[in-house]
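>
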Amino acid sequence: MAATQPVATTSREPTGKSTSMQKKVLVGGSIGQFVEFYDFTLYGLSAVILSEYFFPDGDKVTGLLVIFATFGVAFVMRPLGGLFFGALGDKVGRRKTLTVTIFLVGICTALIGILPGFDQIGWFAPILLILARLGQGFSAGGESVGGPSFVYEHAPVGKRGLWINITLAATALPSVFAGGLILLLSTVMSDASFDSWGWRIPFLLALPLSAVGLWIRSRTDESDLFKKTAAERPKEFSPIRDSFRENSVGMLQVFFVLGLTALGFYMLSAYFVTYIQTTGDLTREQSLLTNAIAMASYTIFLPIAGAIGDRVGRKPMLIAGSILLAITSIPAFGLVTSGNMGLAFLGQTIFVISLCCYGGGCYTFFCERFSTNTRFTSAAISYNISYAILGGTAPFVGTWLVDITGVNTAPGFYMTICAVIVLVLIFVTRLPETRGRLG
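Counting from 1 along the sequence shown, just add 2 to a position and that's the residue number in the numbering used here.
#1: Which of helix, strand or coil does DSSP assign to glycine 311?
#2: Answer with buried or exposed for arginine 247, where buried requires no fewer than 16 other C-beta atoms within 10 angstroms of its C-beta.
#3: Can you round the beta-carbon distance between glycine 83 and glycine 144 to whole angstroms, since I take them to be within the 8 Å contact cut?
#4: Looking at alanine 142 and arginine 80, is the spacing between their C-beta atoms short of 7 Å?
#5: The alpha helix (DSSP H) spanning glycine 349 covers which residue range?
#6: Taking contact to mean at least 3 C-beta pairs separated by less than 8 Å, is the region 146–153 in contact with the region 375–390?
#7: Whole angstroms are fine: how far does the CA of leucine 90 sit from the CA of threonine 411?
#8: What whole-angstrom Cβ distance do isoleucine 104 and leucine 206 have, given they're in contact under 8 Å?
#9: Cutting at 8 Å between CB atoms, please list the residues of its own chain near valine 214, excluding the five before and the five after it.
#10: Kindly list the residues whose CB is nearer than 7 Å to the CB of alanine 294, restricted to its own chain and excluding five residues on each side of it in sequence; keep chain order.
#11: Would DSSP call isoleucine 116 helix, strand or coil?
#12: Between which two residues does the alpha helix (DSSP H) holding glycine 144 run?
#13: For serine 20 versus proline 158, is the C-beta distance shorter than 7 Å?
#14: Over the uninterrupted alpha helix (DSSP H) stretch that includes serine 340, give me the two end residues.
#15: Counting only runs that start and end within the region 372–416, where is the alpha helix (DSSP H) found for 4 or more residues in a row?
#16: Nearest-angstrom Cα distance between leucine 304 and leucine 28?
#17: Can you name, in chain order, every residue of its own chain whose Cβ lies under 8 Å from the Cβ of alanine 328, other than the five neighbours on each side?
#18: Using only CA atoms, which one of Thr111, Glu234, Phe56 lies nearest to phenylalanine 36?
#19: Would you mind stating whether glycine 261 and isoleucine 332 have Cβ atoms separated by less than 7 Å?
#20: From which residue to which residue does the alpha helix (DSSP H) around serine 53 run?
#21: When the Cβ atoms of the region 126–136 are set against those of the region 157–174, are three or more pairs found closer than 8 Å?
#22: Does the separation of the CB atoms of alanine 264 and glycine 88 fall below 7 Å?
#23: Given valine 354, which residues of its chain have a CB within under 6 Å of its CB, disregarding the five upstream and five downstream residues?
#24: May I ask which residues mark the beginning and end of the alpha helix (DSSP H) holding proline 176?
#25: Let me make sure I understand the geometry here. Which of Arg219, Ile278, Trp201 has the alpha-carbon closest to that of valine 153?
#26: Terminal residues of the continuous alpha helix (DSSP H) containing proline 434?
#27: State yes or no: is the C-beta of glycine 362 within less than 7 Å of the C-beta of isoleucine 310?
#28: Using three-state DSSP, classify glycine 91 as helix, strand or coil.
#29: Please report the Cβ distance between asparagine 375 and arginine 235, rounded to the nearest whole angstrom; I am assuming they are in contact, meaning their Cβ atoms lie under 8 Å.
#30: Taking all protein chains shown into account, decide if tryptophan 201 is buried (16 or more other Cβ within 10 angstroms of its Cβ) or exposed.
#31: Rounding to the nearest angstrom, what Cα-Cα distance links phenylalanine 140 and phenylalanine 367 in this structure?
#32: Give the secondary structure of serine 32 by DSSP, where H, G and I count as helix, E and B as strand, and everything else as coil.
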């Protein structure tokens, strides 16, 4: 079979009742996504204290901008990690590659929990923090795409949207878990103890969480679809070369489709807690609580949207979701910064529903858009570049827009503009309907 030909649908495609192996893949993929986003979410939730601990005293806005800049540093490495692990995953297999990525991201996250601060080692503290973030970003570049791809290739036909979105719903749970843990620790500990060492505990927990995911993945196997593809490909197969040769248009489409959800997700999970505190004048505990509940609702709505996408198609969900984000973002951000706890939660919930509607199409689309031969590489390149440009910069841009404009809802206008651009690109690039593509 030529490398440029997608694998045909066969009876070996997973169908009917889910097997024990398929369920293990689903659980392993979900845990991998949890660990990866636990790192990025935890960093955003801890932005205020990290800015005080790793950088010298100064203006609070400047400190937040610096810490959010280091937040974005990890995203710079994600495309490189995606390129490396994507090619590795397409050549040697998804499972072997994912055992490396989940272990590496856990190690790098735990390292942040043992780093000394600026008062102890001066500028070496932020340098070591940045190095840890680079390691996290490199490993996440493979995990973020490899996990969903592995689940997709094992999922029952007709339920791939549901299964992918269950896996991606795990990306919201870290906000609930980490936010709840920080809230608990900050409540039961004195401010001095929490600021001194209590904040480290959530970072150190990443290591045992990675170990659990590693153990589950060791009990899985490659899908029949991947095995068949690997057995029939030519010896001169090159994942990177073939990805750009076969999938240049598809990679562009995945880039802008995933870019919008990357922006929205990191606004919600990594920026809103700080945003509510600094702009909405709520306490840390109130901000964490409202955001944790909103993220919990995300884990419920996203699989529902995936199941709807299985019935109506990916493209209708993308169109409806982008329209909703364009309409609701500005009023939602206005509610978030109202200074009222109930309204802040309502604003986040409105934003979550719009984002999940869009997610009902985008997450399965990036797997279905490419053939099995180059799925991991092609998706990893476009996925991680979009997350680096729009997701990694979301907290920084949000903070900067409020600072320079003096308008609390400025990030909502930014979200609206991006949603309109994506809606136009869906039609201009003639985005295909991918539901039912199995090879």
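For each residue, glycine too, the CB sits at the ideal point set by N, CA and C. Owing to the predicted nature of the structure, the values given are computational and were not obtained by experimental measurement.
Reading from the atomic positions:
#1: helix
#2: exposed
#3: 5 Å
#4: yes
#5: 343–370
#6: yes
#7: 43 Å
#8: Wrong, their Cβ atoms sit about 17 Å apart, outside the cutoff.
#9: Ile33
#10: Ser177, Val178, Gly181, Gly182
#11: coil
#12: 126–156
#13: yes
#14: Here serine 340 belongs to no alpha helix (DSSP H), and DSSP marks it neither H nor E.
#15: 377–388, 396–407
#16: 15 Å
#17: Thr418, Ala421, Val422, Leu425
#18: Thr111
#19: no
#20: 49–56
#21: no
#22: no
#23: Ala296, Ser299, Tyr300
#24: 175–190
#25: Arg219
#26: Unbroken run through proline 434: none, as it is neither H nor E.
#27: yes
#28: helix
#29: 6 Å
#30: buried
#31: 23 Å
#32: helix
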